Every structure is written in structure tokens, then in C-alpha cells.
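Student:
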Amino acid sequence: MLVSNPSLLHADMLVSNPSLLHADMLVSNPSLLHADMLVSNPSLLHADMLVSNPSLLHADMLVSNPSLLHADMLVSNPSLLHADMLVSNPSLLHADMLVSNPSLLHADMLVSNPSLLHADMLVSNPSLLHADMLVSNPSLLHADMLVSNPSLLHADMLVSNPSLLHADMLVSNPSLLHADMLVSNPSLLHADMLVSNPSLLHADMLVSNPSLLHADMLVSNPSLLHADMLVSNPSLLHADMLVSNPSLLHADMLVSNPSLPQQHTIHVVEKYGLGTRLQRQRPGAPITSLAGLSLKEGEDQKEINIEPAQALDEVEPLPEDYYTRPINLPEVTSLRQRLLQPDFQPAGASQLHPKHKHLLIKRSLRCRKCEHNLSKPEFNPTSIKFKIQLVAVSYIPEVRIMSIPNLRFQKECQVLLTLTNPVESITHVTLVGCEEGDPEDINSTAKVMVPTKELVLAGKDVAADYDELAEPQDFQDDPDVIAFRKSNKIGFFIKVVPQREEDGDVTVSFKIRHDFRNLAAPIRPSEEDDAPTEAIWLTHHVELSLGPLVA
Numbered sequence: 009m010l011v012s013n014p015s016l017l018h019a020d021m022l023v024s025n026p027s028l029l030h031a032d033m034l035v036s037n038p039s040l041l042h043a044d045m046l047v048s049n050p051s052l053l054h055a056d057m058l059v060s061n062p063s064l065l066h067a068d069m070l071v072s073n074p075s076l077l078h079a080d081m082l083v084s085n086p087s088l089l090h091a092d093m094l095v096s097n098p099s100l101l102h103a104d105m106l107v108s109n110p111s112l113l114h115a116d117m118l119v120s121n122p123s124l125l126h127a128d129m130l131v132s133n134p135s136l137l138h139a140d141m142l143v144s145n146p147s148l149l150h151a152d153m154l155v156s157n158p159s160l161l162h163a164d165m166l167v168s169n170p171s172l173l174h175a176d177m178l179v180s181n182p183s184l185l186h187a188d189m190l191v192s193n194p195s196l197l198h199a200d201m202l203v204s205n206p207s208l209l210h211a212d213m214l215v216s217n218p219s220l221l222h223a224d225m226l227v228s229n230p231s232l233l234h235a236d237m238l239v240s241n242p243s244l245l246h247a248d249m250l251v252s253n254p255s256l257l258h259a260d261m262l263v264s265n266p267s268l269p270q271q272h273t274i275h276v277v278e279k280y281g282l283g284t285r286l287q288r289q290r291p292g293a294p295i296t297s298l299a300g301l302s303l304k305e306g307e308d309q310k311e312i313n314i315e316p317a318q319a320l321d322e323v324e325p326l327p328e329d330y331y332t333r334p335i336n337l338p339e340v341t342s343l344r345q346r347l348l349q350p351d352f353q354p355a356g357a358s359q360l361h362p363k364h365k366h367l368l369i370k371r372s373l374r375c376r377k378c379e380h381n382l383s384k385p386e387f388n389p390t391s392i393k394f395k396i397q398l399v400a401v402s403y404i405p406e407v408r409i410m411s412i413p414n415l416r417f418q419k420e421c422q423v424l425l426t427l428t429n430p431v432e433s434i435t436h437v438t439l440v441g442c443e444e445g446d447p448e449d450i451n452s453t454a455k456v457m458v459p460t461k462e463l464v465l466a467g468k469d470v471a472a473d474y475d476e477l478a479e480p481q482d483f484q485d486d487p488d489v490i491a492f493r494k495s496n497k498i499g500f501f502i503k504v505v506p507q508r509e510e511d512g513d514v515t516v517s518f519k520i521r522h523d524f525r526n527l528a529a530p531i532r533p534s535e536e537d538d539a540p541t542e543a544i545w546l547t548h549h550v551e552l553s554l555g556p557l558v559a
């Protein structure tokens, strides 16, 4: 009757007589079960009932009977699991549950069962990892975790697994690298690390991998270079290093690398006389400049004892008229005069001594840009000529003042100038006044009017000065412009109008333009050299000081 008519049963009857219920009745009518009945009689529950009605389970029942739980129930209802159950039965956990609920894992479970961890869980929750787990299972670490949490790495792990290190980690945490790792894996080092931490490099690494060195490191730490490296890789040397450490150059380098500036360096040293200065003085070695001097035979070397200077307790008093005598500034020497005679340091002009003048000799002069010889004397010291004379003064027409009239403010006056041609060819000269706003015309105090016609200068002829019968050339000069002509020199007039009444010299400025032909013989003559040399026009700025105004 109860099976076909379960409604005949009363609720209070089921509590006191649970045996009245039949198994088939529970499957189709689980509502007949009472909560208190399930606690004392969990066997009344059927497996299929738990799947469709997990709410019939009580918390205390799960603790003592975890087998009542079904795998599919845990996936959809992880809250049915109790903390104590997970510790003793970790197999109840499902992989998908751990991903969405990592808090179900207990610390002790991770140590004994690291396989419960999922890769995605480690990225978002690196705190789940235990130190002992990393040592035995370094594969649990993810690349992104190492970048943000380098402290997870253990020293022993780095030695056996250097691939765990990330490039960005090495730059900010070079202390993670181990000495043995650098020798076998130099590629772990980053360029920025070497510059700030050169001590990370090992001696054996430099010999086999010189590319690890940075240019800035070599300049400040030349000791990092090895002798064998320099021979095969001379390009590692920096220019500043060679100047301060010439001993870094090896003999084999010069032989195998003739492109090194060997001859040029020796030439510069001999040219400027720096050979003795660059040589290091050994202790007890004789002075280089006095090495060729020696005592005569039979003379004994005498030791000279120099007494040290001593401070005086009493100083001579000043003369009585020192405080009353008026000071005459022209009689007081300047600071420059005192420094030129440091042995006397005269205080008055009456105490000055004639200064020794050094012997004047002809010296060679070189261009600062191309180092070409501009002036070179003959080997014979008695010769007054120069073997090479390429100074600009020898090719530019020379302007001189011959006569100056009385200069008055705002009044025109005529000044006589001379123009001399230093070359042996005819030179054409044109004079032009300075334009307004000319940056070179800053000292002019007068208005100048120069000749508008072209001035022709005869070539320099040394023999013409001694030949009185030589016929002068006819240049058809204008007497209003040319005052006289003699050999390669002419005198001409310019008109000057002073514009400033204040005290000071009257200064005029103008431009001189002349032609120039390079008549020097070429080193390698060719057929094209037979053609006439083309003239080059040069312009120069000229300033003349004509003296003060006349009242």
C-alpha cells in the first residue's frame, strides 16, 4: 500500500518510523525524507537523488561520509566541499574547479601535490608557490612571473637552469647572475649591464668574446684588455687610451696592421720635440738632455749641498720716508715687469735691469690646417734667402702711408699712400669703399673717397734697382690719381673727411681687390700645365690710422 499510496504516510510517522519508507518511494518522492532522518540515516539517500537534489545533503554528513558526493556535483557546487575534507582527500578536487576557485587549495596540499596547480593559476597567484616546490620543480615558473617577481628564483635553480632568467630581469637585477653561469653563458650579459658593472666580466670570457667590451668601458678601465686580444683586435683600442697608455700597443700589432698611424705618430713626435717628454723617467736614471755630458778624466765628482731657506725672526724696518714720500706712478714697476725678472722683482723703475734677448734665427713655419711648409730657410745659416717662402705677405700688395696733411673736422683733405707689388708679375688693383652695414667696418671714423680707376703695378725686378739704363714701362697714369711710379711701387691719392670731433685717431677703412696667379712649379708636370694660369681675384679689408685731428 505504501509504495502505491505514499500519501497515507504522515510526517511525524516517518520521523519515528523511517523503516516504513521503501527505496522506490524515495526515488520518486524524495520530499518524504526529513532533515533529521538524513543525519541519522544517510543510507536512505540514493545516488541518483543526490545528483538531482544535492540540497538533501547536510554539512555534517559530508564530513563523515565524503563518498556521498558525486564528481559532477563538485563541478557545479564546489561549496559542498569542506576544508578538512580537501586536506585528507585532495582527489575530490577537479581541474576546472582549481582554475576558478584557487582558494580551495591548502598550503600543505601544494607541497605534497604540486601537480594540482594549473599554469594559469600561477600567473595570477604566484603566492601559491612554495620555496621548496621551486627547487624541485622549476618548470612551474612562468616567464611573465619571473619578470614581475624575480625573488621567486632560487640560487641553485639559476646555476642549473639559466634559461629561467629574462633579459629585462638581468638589467635591473644583475646580482641574480652567478659567476659560473657567466663563463659558460656569456650571452646572458646585457650591454647596459657591462657599462655600469664591468666586474661581471671574467678574464676567460674577454679572451674568447672581446665583443662583450663596450667602448666607454675601455677608456675608463683599460686593464680589462688582454695582451692576446690587442694583437688580434687592435680596433678595441681607443684614441684617448693610446695617449695616456702608449704601452698598450704591441709590436706584433704594428707589423700585422701597417694601417696604424706608425709613421705619422713618429713624425709628429720628432716635429714638435715631444720624444723626451713622452719617455718615462726611471728612478735614478740621468736626465735625458744631460745624458751626453760627462766629466773630464781625472776629475772627481763633488757633491753640492744646498742649504734650505730659513724664515727670519727679525725683518729690516722700512725707511722713514716710506709713509711721507709722495708716490710717483711712472717710477713704480708693473706686475708684468716684476714677473719678467723673478730673481730681482724690482719695485721701482730704477732697479730694472736690461733683459737678455735670445738669439734670433730663421725658423720653419707650417700651415696649421694642411701642415704645408710656408717658410723654410736654407741649410746654410749665413744665407739670407729662404728655400720656401709661401707666406701671404709675399703675395698681397702692401699699402703704406707716405704723407698726412692736417686733419680737421668735416673738412676734406688729401692723403698720399703707396702701393707695392711683392710678386714678379704685373698686378691689377682696384680700391672700393666699404658699404653700409659691413660687419668689418666697425672702427672707421672718417669718410674716404678712393680712386675709381684700376691701378696697375709693375712686377718686382731686383736687377732693375741697380740698372740705371733700364727703360721704364709706359702705363699712361692719370696725374690726379697717381703721384709717382718707381719700379714696382706707386703713390696715389685718397680723399678723407673726418666725421667725429671727439678725441682719438682718425681711422679710414676700404677694400682692396687684386688678381693672383699661382706661379709655383707643380711637382708632377703634365701637358695641361703648359696652358696659361687663370687669375684669381682676392679681396682684403684695409684699415689705416691717420692720427688725431688738428685744433
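Quick note: the sequence shown uses this note's numbering, first residue 9, plus one each step.
C-beta atoms are modelled at their ideal positions from N, C-alpha and C, and glycine is treated no differently.
Remember, predicted model here, so these are calculated numbers, not experimental data.
(1) Quick check on DSSP: helix, strand or coil for P338?
(2) Since F483 and L424 are thought to touch, with beta carbons under 8 Å apart, how far apart are those beta carbons, to the nearest angstrom?
(3) What three-state label does DSSP hand L424 in the structure shown?
(4) Is the segment 425–445 close to the segment 510–529, with three or more CB pairs under 8 Å?
(5) Pull up the distance between the alpha-carbon of K363 and that of L337, whole angstroms please.
(6) In the DSSP output, what is T438 paired with across the bridge?
(7) Evaluate the contact criterion for the segment 504–519 versus the segment 427–436: three or more CB pairs, one atom per stretch, below 8 Å.
(8) Check each candidate in P506, L465, S342 and L360 and name the one with the smallest Cα separation from K494.
(9) Do the CB positions of A454 and Q507 come within less than 9 Å of each other?
(10) Closer than 8 Å by C-beta to E339: which residues in its own chain qualify, once you throw out the five before and the five after it? Chain order, please.
(11) If we call anything under 9 Å between Cβ atoms a contact, is L427 one with V407?
(12) Report the start-end ranges of each beta strand (DSSP E) in the segment 484–513 that is 3 residues or longer and not cut off at the edges.
(13) Once DSSP output is grouped into helix, strand and coil, what is the label at H272?
(14) Buried or exposed: V470, going by 16 or more other Cβ atoms within 10 Å of its Cβ?
(15) Any heavy atom of the ligand FMN closer than 8 Å to the Cβ of F524?
(16) Skipping 5 residues on each side, what residues in its chain have a beta carbon closer than 8 Å to that of N451?
(17) Applying the criterion that 16 or more other CB atoms from any shown protein chain within 10 Å of the CB defines a buried residue, is V401 buried or exposed?
(18) May I ask you to report which of helix, strand or coil DSSP gives Q309?
(19) So, at 8 Å on beta carbons, what are the nonlocal neighbours of E379 in its own chain, with the 5 sequence-adjacent residues on each side left out?
(20) For L546, which of K393, I312 and I404 has the nearest alpha-carbon?
(21) Measure the beta-carbon distance from L557 to L382 and round it to whole angstroms, keeping in mind my assumption that it falls under 8 Å.
(22) For V456, count neighbouring Cβ atoms within 10 angstroms of its own Cβ and tell me buried if that reaches 16, exposed if not.
(23) Consider the Cβ of L348: report whether some Cβ of chain D lies at a distance smaller than 9 Å.
(24) Sorted by chain position, which residues of the same chain lie with C-beta nearer than 7 Å to A491's C-beta, five sequence neighbours on each side aside?
(25) Report the rounded CA-to-CA distance for L347 versus L463, giving the unit in angstroms.
(26) Out of E509, T460 and K497, which has the shortest C-alpha to C-alpha gap to V4?
(27) Go ahead and label N572 buried or exposed: buried means 16 or more other beta carbons lie within 10 angstroms of its beta carbon, across all protein chains shown.
(28) For V504, does the count of other Cβ atoms within 10 angstroms reach 16, so buried, or fall short, so exposed?
(29) Taking just the CA atoms, how far does E386 sit from T541?
(30) Would you kindly report the start and end of the unbroken alpha helix (DSSP H) that includes P348?
(31) Would you mind giving the Cβ-Cβ distance between K377 and I396, rounded to the nearest angstrom? I have them listed as a contact below 8 Å.
(32) Tell me, please, which residues DSSP counts as bridged to A454.
(33) Please report the straight-line C-alpha distance between I369 and S391, rounded to a whole angstrom.
(34) Mapping the DSSP letters down to three states, classify R290 as helix, strand or coil.
Tutor: According to the structure data:
(1) Position 330 of the sequence shown, counted from the start, is the residue given in the question as residue 338. Three-state DSSP puts P338 in a helix.
(2) Locating residue 483 in the sequence shown gives position 475, counting from the first residue. Locating residue 424 in the sequence shown gives position 416, counting from the first residue. Their Cβ separation, rounded to whole angstroms, is 18 Å, which puts F483 and L424 out of contact at 8 Å.
(3) The residue labelled residue 424 in the question sits at position 416 within the sequence shown. DSSP places L424 in strand when its eight states are reduced to three.
(4) The segment 425–445 is in contact with the segment 510–529.
(5) Position 355 of the sequence shown, counted from the start, is the residue given in the question as residue 363. Position 329 of the sequence shown, counted from the start, is the residue given in the question as residue 337. The C-alpha of K363 lies about 22 Å from the C-alpha of L337.
(6) Locating residue 438 in the sequence shown gives position 430, where the first residue counts as 1. Partner(s): R521.
(7) The segment 504–519, when compared against the segment 427–436, does not touch it at the 8 Å Cβ threshold.
(8) What you label residue 494 is simply residue 486 of the sequence shown in a count that begins at 1. If we check each option's Cα against that of K494, L465 comes out closest.
(9) If you number the sequence shown from 1, residue 454 lands on position 446. If you number the sequence shown from 1, residue 507 lands on position 499. The answer is yes: Cβ separation under 9 Å.
(10) Residue 339 sits at position 331 when you count from the first residue of the sequence shown. Apart from sequence neighbours up to five positions away, the residues of its chain that approach E339 with a beta-carbon distance below 8 Å are G356, A357 and S358, ordered along the chain.
(11) The residue labelled residue 427 in the question sits at position 419 within the sequence shown. The residue labelled residue 407 in the question sits at position 399 within the sequence shown. Judged by beta-carbon spacing, V407 lies within the 9 Å limit of L427, meaning their Cβ atoms are closer than that value.
(12) As far as the segment 484–513 is concerned, its whole beta strand (DSSP E) runs of at least 3 residues are 490–494 and 497–506.
(13) The count along the sequence shown starts at 1 and reaches residue 272 at position 264. Bear in mind that a pLDDT of 39 at H272, under 50, signals an unreliable position, so the number given afterwards is only what the model happens to contain. Secondary structure of H272 (DSSP, three-state): helix.
(14) Counting from 1 along the sequence shown, the entry for residue 470 is found at position 462. Exposed.
(15) The ligand FMN is not part of the structure shown, which contains no ligands of any sort.
(16) As a working mapping, residue 451 is identified with position 443 in the sequence shown. Excluding five sequence positions before and after N451, the CB atoms of its chain that fall closer than 8 Å to its own CB belong to T515, S517 and E551, given in chain order.
(17) To locate residue 401, count along the sequence shown from 1; it is residue 393. Per the 10 Å Cβ criterion, exposed.
(18) Taking the sequence shown and counting its residues from 1, one reaches residue 309 at position 301. Three-state DSSP puts Q309 in coil, outside helix and strand.
(19) What you label residue 379 is simply residue 371 of the sequence shown in a count that begins at 1. Residues of the same chain with their beta carbon placed closer than 8 Å to that of E379 are lacking, with the five preceding and five following residues left out of the count.
(20) The residue labelled residue 546 in the question sits at position 538 within the sequence shown. The candidate whose alpha carbon is nearest that of L546 is I404.
(21) Within the sequence shown, the letter at position 549 stands for residue 557. Within the sequence shown, the letter at position 374 stands for residue 382. By a beta-carbon distance limit of 8 Å, L557 does not contact L382. Their separation comes to about 41 Å.
(22) For this step, residue 456 is matched to residue 448 along the sequence shown. Buried is the call here.
(23) Absence of chain D from the displayed structure is noted, only one protein chain being present.
(24) Mapped onto the sequence shown, residue 491 falls at position 483. L424, G499, F500 and F501.
(25) Taking the first residue of the sequence shown as 1, we reach residue 347 at position 339. Taking the first residue of the sequence shown as 1, we reach residue 463 at position 455. Going from the Cα of L347 to the Cα of L463 covers about 50 Å.
(26) Outside the displayed span of the chain (9 to 559) sits residue 4, for which this structure offers no information.
(27) Residue 572 falls outside the range modelled here, since the chain spans only 9 to 559, and no answer is possible.
(28) If you number the sequence shown from 1, residue 504 lands on position 496. Within a 10 Å sphere around the beta-carbon of V504 sit 16 or more other beta-carbons, which makes this residue buried.
(29) Taking the sequence shown and counting its residues from 1, one reaches residue 541 at position 533. Taking the sequence shown and counting its residues from 1, one reaches residue 386 at position 378. About 28 Å.
(30) As a working note, residue 348 is residue 340 in the sequence shown. Per the sequence shown, the amino acid found at residue 348 is Leu instead of Pro. Here the alpha helix (DSSP H) through L348 covers L343 to L348.
(31) The residue labelled residue 377 in the question sits at position 369 within the sequence shown. The residue labelled residue 396 in the question sits at position 388 within the sequence shown. Not quite, the Cβ-Cβ distance comes to about 17 Å (not below 8 Å), so this is no contact.
(32) Sequence index remark: in the sequence shown, residue 454 carries index 446 (1-based). Answer by DSSP bridge pairing, in chain order: P506.
(33) By 1-based counting over the sequence shown, the position of residue 369 is 361. By 1-based counting over the sequence shown, the position of residue 391 is 383. In a straight line, the C-alpha of I369 is about 11 Å away from that of S391.
(34) The count along the sequence shown starts at 1 and reaches residue 290 at position 282. With a pLDDT of 49 at R290, under the threshold of 50, the predicted position of this residue should be treated as unreliable, though the coordinate-derived value follows. If DSSP states are grouped into helix, strand and coil, R290 belongs with coil.
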